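Just so you know, the protein sequences line up as chains A and B, in that order.
Take the working numbering: the final residue in the first sequence is number 253, and no numbers are missing along the way.
Take the working numbering: the final residue in the second sequence is number 320, and no numbers are missing along the way.
We put the beta carbon where it would ideally sit given N, CA and C, even for glycine.
Keep in mind that this is a model prediction, so the values were computed, not measured.
Following: one structure in structure tokens, then a few remarks.
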Amino acid sequence: MKTSLDSGEPMIRIVDLHKKFGDFVALAGIDLDVQPKQVVVVVGPSGSGKSTMLRCINGLEQATRGNIYIEGIDVTHRATDINKVREKVGMVFQSFNLFPHLTALRNVTLAPIKVKKMSQDEANAKALVLLDKVGLKEKADAFPAHLSGGQQQRVAIARALAMDPDVMLFDEVTSALDPELVSEVLDTMKELAHEGMTMLVVTHEMGFAKEVGTRLIFMDEGVVVEDGDPTQIFNDPQHPRTQDFFSKILSHM
Amino acid sequence: MSDAIELNPEGQMLSEFEKPDVSGWAKASLIMGILGLTALPVVGAILAIVFARIAKRRILLDDALAGDGLATAGQTLGVIGLLLAGLAIFILLMQQRLHDFIVDFFNWDTIKFWWPKVGRAFLTTLKLAVVSEFFILLVGLFVALLRISKLKIFRFIATVYIDVIRGLPLILQIFIIYFGLSYLGLNLSRFAAGAVALTVCYAAYEAEIFRAGIESIHKGQMEASRSLGMTYLQSMGYVVLPQAIRRVIPPLSNEFIMLTKDTALVAFIGLSEAFLVGKEGMGRDANVTPLVGVALFFLLVTIPAMRVVQYLEVRLSKGD
């Protein structure tokens, strides 16, 4: 699979993606290629389909129409083993979703042990390296209930990284955090971006978008309205809906 | 030094000398109370209460009178005396009936002969309850998983099973399953047939408890687990169920207590558990004592079990 990447194939290719919930149209035709090492920041008003798009990419939602290819493998195809694809696609959620009955360490080691059949010792060693990376090595034996929101979210990032994903999806990961805890999570993500991780980041953190994003996508009503360099779009949004959105949020900054 | 200062004012000195008199009625009440318990039953007790009332009213109106405590003591003795007298009269009047009651419900000879037998049979009761519960938990969990399956056919099967079982009296199911099994050519022992019947019935109830427990776990848990590449069953087994089971331990324990009691119904297909043996004893000796023994054995287990469940409820709710 790595070889296909070298030949210039996109990490993620989304073709004509549609998603309906009953009569509600969440996604109305998305076409998007994400190249390796890109950090794509996805912004847009709530209900614009950003989260739905992320959830379609790793199969948490089933596409109504269209195709999604991860490293050339069609996620929407019935014969595709979605579990294999998910090993390559890490996801971090707004509500952390740590496993409350397991310690931070066990949260990180569970999937490598059960899915990759890694030995306990190997998984532990790897988990400690990752927890150290997110600055929480000393919290390895703490249960989620005893961690702050920011710490929980950083454990959740370590948990996703433990599967050695090629792409990371971040779904409004700082929206549920107290303001003073946002930066510690963003710093972790920044570090990840600098290491060359391919990332799709749904966020309202415009500072992060400008500083870390290599590409910005503005979505509204289930379609990609604008797509380009973050700074350029901030300074000179082309589409009226983008202009409207930025004028509203920038007035708060 | 402070004593000297306090003694100086005239008012203080006076009150020292004018110690209030203890009401004579209060003293009389106490004496009558004592008499009411000894030499002069009923009359003494009534007088003690009457005197105490008079004493209390006087003490209330007159600041110079004391003895409220004495009056209360007399009153209390009077009430106790009256109750004892009443009890004595009751026993006297109902002597024959009480005697009959003890002979019928707590007959010493019957106790000696039948309670050990009942006790041994109660071990069968407990064994039936434990063996059944083991299979109930397995089947119940399995049915719960069918009930929440994505496949309509599984959900349908589970729903029909749960509805039918919950819509029938247990005793009816026990008979139908017992005779149904032998009709199918399965010649199970009475114990095994009883265990099957109880499992079929209780699994339906426990399936619903499991389902409620599983559904109470936020769906983000399943999503997070699935997004790590774990299969549905892995996610269930390692992430959702460990949390769900913790939550349903108290209701499941309650079900287990109910099951223990309901094993008595298996007597109707002839398994010699505690109730059947007790009933047999009742028939042989024309005496209720064996059944009282059965009742006591059940309480010996169920009451502590209920306390344990209560403790678990408090403990586990704190853990969340």
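Query: Cα-Cα separation, E9/A to F134/B; Result: 55 Å
Query: Cut-off 7 Å between Cβ atoms - residues of its own chain near R190/B, not counting five sequence neighbours on either side; Result: I269, G270 and L271
Query: For I117/A, the first and last residue of its enclosing beta strand (DSSP E); Result: Looking at the sequence provided, one finds Lys at residue 117/A rather than Ile. That residue, K117/A, is in no beta strand (DSSP E); it is neither H nor E in DSSP.
Query: Classification of T242/A by the beta-carbon crowding that lies within 10 angstroms, buried from 16 upward; Result: buried
Query: 8 Å Cβ cutoff, G229/B in contact with chain A; Result: yes
Query: Near-chain B residues of the stretch 71–93 of chain A - C-beta to any C-beta below 7 Å; Result: N83, R86, E87, M91 and F93
Query: Contact the stretch 221–231 of chain B vs the stretch 96–109 of chain A: 3+ CB pairs below 8 Å; Result: yes
Query: Top-ranked residue by Cα proximity to A286/B, from S29/B, T110/B and A28/B; Result: T110/B
Query: Interface flag, A276/A vs chain B, CB-CB below 8 Å; Result: Since the first residue shown for chain A is 1 and the last is 253, residue 276/A is missing from the structure and cannot be characterised.
Query: Cβ neighbour criterion (16 or more within 10 Å) applied to W114/B; Result: buried
Query: Proximal chain A residues relative to G220/B, where beta-carbon distance stays under 7 Å; Result: F93, S95 and N97
Query: Sub-8 Å separation of K50/A and G44/A beta-carbons; Result: yes
Query: Nearest residue (CA-CA) to G228/A, options H101/A, R215/A and T198/A; Result: R215/A
Query: Outcome for N166/A when other beta-carbon atoms lying within 10 angstroms are tallied against a minimum of 16; Result: According to the sequence displayed, residue 166/A carries Asp and not Asn. D166/A comes out buried.
Query: Proximity below 8 Å, CB of V108/A to CB of L131/A; Result: yes
Query: Per-residue burial, L77/B [other beta carbons within 10 Å of its own, 16 or more giving buried]; Result: buried
Query: Span separating the alpha-carbon of G86/B from that of V79/B; Result: 11 Å
Query: Where I30/A falls: helix, strand or coil (DSSP); Result: strand
Query: Backbone CA spacing between P41/B and R58/B [nearest angstrom]; Result: 26 Å
Query: V89/A vs I113/A beta-carbon contact at 8 Å; Result: no
Query: Contact set for A305/B: own chain, Cβ-Cβ below 8 Å, skip 5 residues either direction; Result: S253, F256, I257 and T260
Query: In chain order, each beta strand (DSSP E) run of at least 3 residues that lies wholly inside the stretch 84–170 of chain A; Result: 89–92
Query: The stretch 92–100 of chain B in contact with the stretch 239–248 of chain B per 3-pair CB rule at 8 Å; Result: no
Query: Within 9 Å of chain B by C-beta, residues of the stretch 53–69 of chain A in sequence order; Result: R55, N58, G59 and L60
Query: CA nearest to the CA of T203/A, picked from G196/A, K133/A, L186/A and M197/A; Result: L186/A
Query: Residue of K133/A, N83/A, E61/A and S148/A minimising C-alpha distance to E180/A; Result: S148/A
Query: For I157/B, the three-state DSSP class (helix, strand or coil); Result: helix
Query: C-beta neighbour in chain B for H101/A, strict 8 Å; Result: yes
Query: L168/B in three-state terms, based on DSSP; Result: coil
Query: Contact check, L198/B vs D104/B, beta carbons under 8 Å; Result: no
Query: Short CB-CB distance (under 8 Å) between K190/A and chain B; Result: no
Query: Cβ pair count under 8 Å reaching 3, the stretch 171–187 of chain B against the stretch 196–211 of chain B; Result: yes
Query: Reduced DSSP category for D187/A - H, G, I as helix; E, B as strand; rest coil; Result: helix
Query: Residues that DSSP places opposite A66/B in a beta bridge; Result: V22/B
Query: C-alpha gap between E136/A and I303/B, whole angstroms; Result: The residue asked about is misnamed: residue 136/A is Leu in this sequence, not Glu. Going from the Cα of L136/A to the Cα of I303/B covers about 47 Å.
Query: Contact check, H18/A vs G72/A, beta carbons under 8 Å; Result: no
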